[in-house]
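Trainee:
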Amino acid sequence: MSDSALDAAGSSLPLSPPLRPAASRAQSDERADSAGKEHVIDAMRGFAALLVAYFHCRQIEWVGMQAFHQNAGHSLSLNTIAAYLTFPIAWGSAGVPIFFVISGYCIHRSGALRLANNAAYRLDAANFWVRRFTRIYPVLLAALLLTLALDWFSLQLPPVSHKIREIGVEAFLVNLFSLQGVAGKTYGSNGALWTLSLEVQFYAIYPLLFALRRRIGMTSVLAIVAVVNVVSAYVLERHDIQFFTSYWFSWTLGAWIADARARTSAQTGSPRWLYALAAAFIALGCAAFHYGQYGAFQLWAIGFAFYLYKALERGNGNQRDGWGLRLLSRFGDFSFSLYLIHLPIFVLLSSLLFRSSLQMSIWPSFGYMLVAVPAAYVFYRLVELPAMKWSASFKPKSAKGAFGK
Numbered sequence: 002m003s004d005s006a007l008d009a010a011g012s013s014l015p016l017s018p019p020l021r022p023a024a025s026r027a028q029s030d031e032r033a034d035s036a037g038k039e040h041v042i043d044a045m046r047g048f049a050a051l052l053v054a055y056f057h058c059r060q061i062e063w064v065g066m067q068a069f070h071q072n073a074g075h076s077l078s079l080n081t082i083a084a085y086l087t088f089p090i091a092w093g094s095a096g097v098p099i100f101f102v103i104s105g106y107c108i109h110r111s112g113a114l115r116l117a118n119n120a121a122y123r124l125d126a127a128n129f130w131v132r133r134f135t136r137i138y139p140v141l142l143a144a145l146l147l148t149l150a151l152d153w154f155s156l157q158l159p160p161v162s163h164k165i166r167e168i169g170v171e172a173f174l175v176n177l178f179s180l181q182g183v184a185g186k187t188y189g190s191n192g193a194l195w196t197l198s199l200e201v202q203f204y205a206i207y208p209l210l211f212a213l214r215r216r217i218g219m220t221s222v223l224a225i226v227a228v229v230n231v232v233s234a235y236v237l238e239r240h241d242i243q244f245f246t247s248y249w250f251s252w253t254l255g256a257w258i259a260d261a262r263a264r265t266s267a268q269t270g271s272p273r274w275l276y277a278l279a280a281a282f283i284a285l286g287c288a289a290f291h292y293g294q295y296g297a298f299q300l301w302a303i304g305f306a307f308y309l310y311k312a313l314e315r316g317n318g319n320q321r322d323g324w325g326l327r328l329l330s331r332f333g334d335f336s337f338s339l340y341l342i343h344l345p346i347f348v349l350l351s352s353l354l355f356r357s358s359l360q361m362s363i364w365p366s367f368g369y370m371l372v373a374v375p376a377a378y379v380f381y382r383l384v385e386l387p388a389m390k391w392s393a394s395f396k397p398k399s400a401k402g403a404f405g406k
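Numbering (our numbering), first residue to last: 2 to 406.
Here you go:
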């Protein structure tokens with residue numbers, strides 16, 4: 002995954018409302034600028050990052066459910082019980098569509114709010130790209146250098162993990178320029194970087210999406226993107242080419258939610274059965290996963306989009322939010338860092354402790370997480386947070402009321 006909650010919130014109201022009085026527009030622009038982080042967004046990001054990280058952790062450290070069951074059978078030891086309790090993590094790749102839906106929402110939120118209050122608003126594409134570049138690339142460069150360092154150590158501990166791919170200059174540049182999936186593979190052991198190239202490609206095309214939204218409306222844009230998504234998947238995915246057009250639908254779903262919520266009164270509630278619909282699509286995605294990840298990915302994205310649309314009605318910092326949601330929100334603060342560096346950490350730990358051999362015990366996987374999460378937080382403080390501040394410094398003066406990720 003991917004970074005998502007960055008620049009900052011859908012209904013059947015007219016797509017081009019009349020201009021509002023200056024005072025109203027000023028208040029609305031202030032609301033757009035101060036929207037900041039939304040509690041549920043950070044919680045979902047934290048959940049997605051932890052889900053993907055532990056999904057990879059189990060793959061690297063553990064023998065897998067089938068081999069474990071054949072060996073452990075119906076034993077009631079603590080190790081067996083703990084291992085069986087991790088069974089839902091088999092669908093851990095569902096965290097990726099969460100990232101994409103949230104990313105589309107957060108990237109489009111600020112523009113959607115402004116456009117809802119001023120039909121003449123136009124996106125400053127150059128400024129948008131500068132802020133995306135300064136937000137992403139310092140962190141990506143640091144993550145690639147860290148991957149190089151950790152993988153170099155892992156390579157000194159044979160037998161070498163099969164997770165480590167090429168760590169040469171060409172592979173480094175392919176990933177630095179976000180061409181993995183098109184011009185090469187992901188760098189070293191950091192297979193999670195496949196989604197980052199898609200994110201950068203989403204950002205590159207976003208100004209065009211925004212311009213289309215102004216002309217034909219976001220619902221029409223979403224319908225066009227859905228067709229592109231299917232065609233791209235049929236043409237490219239079967240040839241193992243991963244390009245943004247094959248995953249654009251999930252990202253645009255998030256943008257559609259931002260657009261819809263920008264035109265909906267805060268007091269307008271959506272039906273609670275949206276949660277049931279979300280659960281149904283997520284369950285369908287889990288079932289479809291047996292036949293391939295790509296189809297499951299699309300179903301999961303729809304399910305998470307339903308959930309996000311309804312969950313955003315809770316508001317920011319709602320007093321009813323439980324401790325679990327607040328805790329996940331704290332993880333969400335550094336979820337991007339965790340996503341970028343967890344895999345080379347796990348591979349190095351496995352190389353150091355077990356010479357890359359898979360273990361029957363599930364307990365080391367929990368220990369791996371206890372190493373990766375604090376390391377990601379340190380990476381966040383040292384690298385990602387300065388990049389966020391640098392990116393924020395490029396915001397237009399009228400938009401500096403908010404500090405968004």
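Quick reminder that beta carbons are idealized off the backbone N, C-alpha and C, glycines included.
(1) Inspect the CB distances between the stretch 150-164 and the stretch 351-358 and report whether three or more fall short of 8 Å.
(2) Which partner residues of residue 185 appear in the DSSP bridge assignment?
(3) Whose CA, out of 389, 384, 395 and 372, lies closest to the CA of residue 54?
(4) For the alpha helix (DSSP H) containing residue 361, name the first residue and the last one.
(5) Please report the residue range of the alpha helix (DSSP H) in which residue 140 lies.
(6) Measuring alpha carbon to alpha carbon, tell me which residue in 256, 92 and 111 is nearest residue 292.
(7) For residue 270, I'd like the list of residues in its chain whose CB is within less than 7 Å of its CB, leaving aside the five on either flank, ordered along the chain.
(8) Over what stretch of residues does the alpha helix (DSSP H) that includes residue 201 continue unbroken?
(9) CA-CA distance, residue 398 and residue 135?
(10) Less than 6 Å between C-beta atoms, sequence neighbours within five positions excluded: which residues of the same chain meet that for residue 250?
(11) Whole angstroms is fine: what's the gap from residue 138's alpha carbon to residue 299's?
(12) Look at the Cβ atom of residue 253, then the Cβ atom of residue 222, and state whether they are nearer than 8 Å.
(13) I'd like the list of long-range same chain contacts for residue 380, defined as Cβ closer than 6 Å, with 5 residues on each side in sequence excluded.
(14) Can you tell me the Cβ-Cβ gap for residue 164 and residue 348, rounded? I've got them flagged as a contact below 8 Å.
(15) Sorry if obvious, but does the Cβ on residue 337 come closer than 7 Å to a heavy atom of the ligand FAD?
(16) Pull the bridge partners of residue 63 from the DSSP assignment, please.
(17) Assuming contact is defined by CB atoms lying nearer than 8 Å, are residue 59 and residue 366 in contact in what I supplied?
Mentor: Well, looking at it:
(1) yes
(2) 181
(3) 372
(4) Careful: residue 361 lies outside any alpha helix (DSSP H) and carries neither H nor E.
(5) Segment 126-156, the alpha helix (DSSP H) holding residue 140.
(6) Closest option to residue 292, Cα to Cα, is 92.
(7) 314
(8) 195-217
(9) 17 Å
(10) Within the same chain, residue 250 has close Cβ partners 226, 227 and 230.
(11) 28 Å
(12) yes
(13) 338 and 342
(14) With a contact defined as Cβ atoms closer than 8 Å, residue 164 and residue 348 qualify at about 5 Å.
(15) With respect to small molecules bound, the structure shown includes none, and the ligand FAD cannot be examined in it.
(16) 360
(17) yes
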